[in-house]
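Just below is one structure, and these are the notes that go with it.
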Amino acid sequence: MLSSLFPLAFFFLCFFACSPLSLFLSDASAGVTHSLPTLSFEQGYTQLFGDGNLMLLRDGKRVHISLDERTGAGFASQDLYLHGFFSASIKLPSDYAAGVVVAFYMSNGDVYAKTHDELDFEFLGNIRGREWRVQTNVYGNGSTAVGREERYDLWFDPTEDFHQYSILWNHKRIIFYIDSVPIREIVRTGAIGGCFPSKPMTLYATIWDGSTWATSGGRYKVNYKYAPYVAEFEDLIIGGCAVNPMDHSSGCEKPDTAISDSLTMSLEQRALMDRFRRRHMTYYYCYDRDRYPIPPPECNADQIEARLFYGRDGVKLGDHRGRRRRGQNKHSRVTQADAAF
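If you count by mature numbering (1 follows the signal peptide of the UniProt record, and there is no 0), then the sequence shown holds residues -30 to -1, 1 to 311, one letter each, in order.
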């Protein structure tokens, strides 16, 4: 009996040891993602728009996309993916960047116009002397009537060096990371129901003019005197399972899916996430009582925290720590061990 089971056990042991997702799982408690392979632009992506405003460097390992008076730019993955780990190191335009939006996101709006899913990192430019802001958002099954935005400031200057922004998406949960620090988790529950993204999506990166809303509700526009605005991308990672766009069939093995679904947060990572959210979240849709007098069903809002620290519009009341000035922190990365937030 044992001898008959040995070949099967050996197969799964070899599969687990060799799978890129298993390498991530083995280091999940530390948020290490460098063991996943990076792709060149030609290996995984195609240009969406922008003509000469997309430029490849370092044999396609680094991508520059820029915004000028003529156009923005963008690129997308060559395949659709159902679940996985998706990441890029990004350096944002410096100086005056009001109205500029850089996005790193997943969507299937081109396939499902009325029932699309979406997972967003949106980087919102600002006037000189004020930091870029980062926004995450989630749509599922066309739930665009409910925006699930969260907005944050950062513990570093995102224009001085590259920082890693990542999305983990599986059957059970979605986790957004910055430099391997989890900043947001969405768990698939009965409350969120069909609004949990569940259809194959494409990975996108874009830069564009968001003057009508991006900075102080549209008060500050893009000033093309400072163009071109250049966003830089490198360390492009797609740790997902490609699907056929016609019938959504996949060549991925079931053990691969099981590994992806098992990825979660350690207690240490969860503590880091809670600390980040306390100190850096500046808008929370669950606390936006003007927009949602009755909070969306998945919200389990702490009403005491909401009324003490957030306005009726969901915006945090002041910043008692004071804002970090540009140039104060020259370090390129903040590791989990060193992150004081």
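For every residue, glycine included, the Cβ atom is placed at its ideal position computed from N, Cα and C. It should be emphasised that the depicted structure is a prediction, and the values quoted were computed from it without experimental measurement.
Are there 16 or more other CB atoms within 10 angstroms of the CB of residue i, so buried, or fewer, so exposed?
i, result
"D258", "buried"
"S59", "buried"
"Q105", "buried"
"R240", "exposed"
"A115", "exposed"
"V157", "exposed"
"D29", "exposed"
"P267", "exposed"
"M243", "buried"
"L(-8)", "At L(-8) the pLDDT is 39, less than 50, meaning the model places this residue with poor confidence; the figure from the coordinates comes in the next sentence. It is buried - the Cβ of L(-8) has at least 16 other Cβ atoms within 10 Å."
"W102", "buried"
"T185", "buried"
"N270", "exposed"
"A46", "buried"
"K61", "buried"
"S219", "exposed"
"Q13", "exposed"
"A161", "exposed"
"H290", "At H290 the pLDDT is 37, less than 50, meaning the model places this residue with poor confidence; the figure from the coordinates comes in the next sentence. By the 10 Å Cβ count, H290 comes out exposed."
"Q273", "exposed"
"G69", "buried"
With a CB to CB cut of under 8 Å and the five nearest residues on each side skipped, what residues in its chain are close to residue i?
i, result
"Y82", "G112 and K169"
"E39", "Y194 and A197"
Report the three-state DSSP secondary structure of residue i (helix, strand or coil).
i, result
"E119", "coil"
"F45", "strand"
"S113", "coil"
"L287", "coil"
"N107", "strand"
"L6", "coil"
"E202", "strand"
"D179", "strand"
"H34", "strand"
"S220", "strand"
"A(-1)", "With a pLDDT of 39 at A(-1), under the threshold of 50, the modelled position of that residue is not reliable, and the figure given next carries that caveat. Three-state DSSP puts A(-1) in a helix."
"R277", "helix"
"F126", "coil"
"residue 322", "Outside the shown range of the chain (-30 to 311) lies residue 322, about which nothing can therefore be said."
"E155", "strand"
"S168", "coil"
"T185", "coil"
"E39", "coil"
"P225", "Low confidence applies to P225: its pLDDT is 46, below 50, so where it sits in the model is not reliable, and the reading given next is rough at best. Three-state DSSP puts P225 in a helix."
"Y196", "helix"
"G20", "coil"
"F93", "strand"
"F11", "helix"
"G163", "helix"
"Y51", "strand"
Hey, residue i and residue j are a contact pair by Cβ (cut 8 Å); roughly how many whole angstroms apart?
i, j, result
"T8", "D179", "Not quite, the Cβ-Cβ distance comes to about 30 Å (not below 8 Å), so this is no contact."
"G99", "N107", "About 27 Å separates the two Cβ atoms, so there is no contact after all."
"N78", "T16", "Contact doesn't hold; Cβ gap of about 16 Å is too wide."
"G209", "G164", "No, G209 and G164 are not in contact; Cβ-Cβ is about 26 Å, not under 8 Å."
"R120", "R143", "As written in the sequence, residue 120 is Glu, which differs from the Arg given in the question. No, E120 and R143 are not in contact; Cβ-Cβ is about 16 Å, not under 8 Å."
"D87", "P167", "4 Å"
"F74", "A212", "Their Cβ separation, rounded to whole angstroms, is 19 Å, which puts F74 and A212 out of contact at 8 Å."
"Y122", "T252", "6 Å"
"F93", "V151", "So it is not a contact: roughly 17 Å between Cβ atoms."
"I177", "L27", "Contact flag wrong, Cβ pair sits at about 16 Å."
"P263", "C256", "Incorrect: roughly 12 Å between the Cβ atoms, too far for contact."
"F55", "I207", "7 Å"
For residue i, collect the residues of the same chain with a Cβ closer than 6 Å to its Cβ; drop the 5 residues on either side in sequence, then sort them by chain order.
i, result
"F19", "G44"
"H34", "M25, V200 and E202"
"S136", "S57 and Y147"
"T129", "L62 and S64"
"D21", "none"
Leaving out the 5 sequence neighbours to the left and right, which residues in its chain are closer than 7 Å to residue i when beta-carbon positions are compared?
i, result
"H279", "Note on residue identity: the sequence assigns Phe, not His, to residue 279. Closer than 7 Å at Cβ, skipping near neighbours: K286 and L287."
"D65", "R98 and Y196"
"H53", "W139, N140, H141, G210, C211 and S230"
"D283", "D258 and D260"
Check: Can you list, in chain order, the stretches of the alpha helix (DSSP H) that have 4 or more residues and sit fully within the region 57 to 90?
Finding: none
Note to self: Extract the residue ranges of the alpha helix (DSSP H) inside the region 233 to 270, only unbroken runs of 4 or more that lie entirely within it.
What the structure shows: 237 to 250
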